[in-house]
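Student: Mapping of the sequence shown onto our numbering: residues 10 to 332, in sequence order.
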Amino acid sequence: ARSSILDHVDRALELVMPVHPLHVPAVLAMFGFARLLPFSLPAAAQASLRTVVPELPVPFGLNLKLPLGIKTSSALRTVSPWSAFVGPRITQAIPHILRGAPVEGALLVAGEPASAVSADPDFDIAKYLCCVVRQDAEHLCHSRGERVIVAAALTDYSDDGVGAAVRHWKLETLAERQAFLQSYADRLFDAFLPPILNHGFAFEAHPQNTLLRVDASTGEVRGFVVRDFGGIKVHQPTFRASTGADIEMLPDSCTEAHTMDEVFDLAHHTLVQCQLHRLIRVLGLHYRGGGWAIVRSSFERRVPSDHPLRLAWYQATFELKCF
Numbered sequence: 010a011r012s013s014i015l016d017h018v019d020r021a022l023e024l025v026m027p028v029h030p031l032h033v034p035a036v037l038a039m040f041g042f043a044r045l046l047p048f049s050l051p052a053a054a055q056a057s058l059r060t061v062v063p064e065l066p067v068p069f070g071l072n073l074k075l076p077l078g079i080k081t082s083s084a085l086r087t088v089s090p091w092s093a094f095v096g097p098r099i100t101q102a103i104p105h106i107l108r109g110a111p112v113e114g115a116l117l118v119a120g121e122p123a124s125a126v127s128a129d130p131d132f133d134i135a136k137y138l139c140c141v142v143r144q145d146a147e148h149l150c151h152s153r154g155e156r157v158i159v160a161a162a163l164t165d166y167s168d169d170g171v172g173a174a175v176r177h178w179k180l181e182t183l184a185e186r187q188a189f190l191q192s193y194a195d196r197l198f199d200a201f202l203p204p205i206l207n208h209g210f211a212f213e214a215h216p217q218n219t220l221l222r223v224d225a226s227t228g229e230v231r232g233f234v235v236r237d238f239g240g241i242k243v244h245q246p247t248f249r250a251s252t253g254a255d256i257e258m259l260p261d262s263c264t265e266a267h268t269m270d271e272v273f274d275l276a277h278h279t280l281v282q283c284q285l286h287r288l289i290r291v292l293g294l295h296y297r298g299g300g301w302a303i304v305r306s307s308f309e310r311r312v313p314s315d316h317p318l319r320l321a322w323y324q325a326t327f328e329l330k331c332f
């Protein structure tokens, strides 16, 4: 008879946790109770370092986010108990977050329906043993006749110095690049500004967490998918007043904004500094071509002149993260 992975565990006392193969030594060293089972499952890598796509005969539309003790940019790529805890709670709140958006379908959210994390009281230890189950963005979009592109890929350059967005959409003239930026900015703000304006909720919409949705036949930009809830910001009093709901979080979670300015700051960093700024440079519209005028026009059509978000973003000076 074919052996099952569950035949090797005490179901009353043990839990099977998937672990990235590069991370196995860390788990065995830090958790004395852990046993390595004689099973493995092939999985495809994603551009997001910790997320893998299980390769199954019949895709089930879910990915796995796994800790990996590697430091890239400013953070060790483990998965904290705060992130594991809040993901399913935000997933339950998605209908509230998207309520009132003026453009239906502008934003799809890759939910995190389940997670598991070590119960070690030291979160610096617990973050090494965790798993988050996440909806697959391609699976979400396939039935809509759409394909997804990681937003960060648009700002890559080929060896000859041509940006990926310019090459893929054949943006040969200034007018074509301006029109593409206009479409991108409009779809980006339609997707991510309404949760901020309506509910005090900002996704961490930097280019790796956002995926551009394009028409599979024409390549037309239709909207976005957003993933990863570990870096969101929500101002609970505003969210509660607009939706009647709360998003439960562990104490000291960085996802809780104590003021609306924290929500505005995250949105500016991810949408403007990380996303639009990079795209404008790739399109050659930073020093000429009116790139920033296009972005301001799109923003101002959606945010009233006296709204606190507009006042915050249009300050004479604005604190930015240093790269």
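The C-beta atom is built at its ideal place from N, Cα and C for all residues, glycine as well.
Does the stretch 140-153 come within contact of the stretch 68-75, defined as at least 3 CB pairs closer than 8 angstroms?
Tutor: Flag = yes, the stretch 140-153 and the stretch 68-75 touch.
Student: Go ahead and label F42 buried or exposed: buried means 16 or more other beta carbons lie within 10 angstroms of its beta carbon, across all protein chains shown.
Tutor: With fewer than 16 Cβ atoms within 10 Å of its Cβ, F42 is classed as exposed.
Student: If R156 sits next to L292, beta carbons under 8 angstroms apart, how far is it from one beta carbon to the other, in whole angstroms?
Tutor: That pair is no contact at about 21 angstroms.
Student: So G78 packs on A125, CB below 8 angstroms; how close in whole Å?
Tutor: Going by Cβ atoms, the distance from G78 to A125 rounds to 18 angstroms, so no, they are not a contact pair.
Student: Below 8 angstroms on the Cβ atoms is my contact criterion, and I expect L197 with V312 to pass it. Report the Cβ-Cβ distance as a whole number of Å.
Tutor: Incorrect: roughly 13 angstroms between the Cβ atoms, too far for contact.
Student: Can you name the residues that DSSP bridges to C140?
Tutor: Answer is A125.
Student: In the stretch 195-268, which residue ranges form an unbroken alpha helix (DSSP H) of at least 4 residues, counting only runs that do not cross its ends?
Tutor: Within the stretch 195-268, the complete alpha helix (DSSP H) runs of at least 4 residues are 245-252.
Student: So which of A214, R98, D261, V62 has the shortest CA-CA distance to H278?
Tutor: Checked all of A214, R98, D261, V62; the closest Cα to H278 is A214.
Student: Output yes or no for whether 9 angstroms exceeds the beta carbon distance between F273 and V230.
Tutor: Against a cut-off of 9 angstroms, the Cβ pair of V230 and F273 comes out as no contact.
Student: I'd like the list of long-range same chain contacts for M39, defined as Cβ closer than 8 angstroms, with 5 residues on each side in sequence excluded.
Tutor: Cβ within range, chain order: I134, Y137, L138.
Student: Which one or two residues does DSSP pair with G120 in a beta bridge?
Tutor: Answer is none; G120 lacks a bridge partner.
Student: Decide if Y296 is buried, meaning its Cβ has at least 16 other Cβ atoms within 10 Å, or exposed.
Tutor: It is exposed - the Cβ of Y296 has fewer than 16 other Cβ atoms within 10 Å.
Student: With a CB to CB cut of under 7 angstroms and the five nearest residues on each side skipped, what residues in its chain are close to G109?
Tutor: Excluding positions up to five away in sequence, the list reads P203, N207.
Student: Thinking just about the alpha-carbon of each residue, which of L285, L24, S314 is nearest to the one in L163?
Tutor: When each option's Cα is compared against that of L163, the closest is L285.
Student: Among N218, A54, A56, which residue has its Cα nearest to the Cα of A119?
Tutor: The candidate whose alpha carbon is nearest that of A119 is N218.
Student: Using the DSSP secondary-structure output, state which residues sit across from H61 in a beta bridge.
Tutor: The sequence given here places Val at residue 61; His does not occur at that position. Answer is A54, L73.
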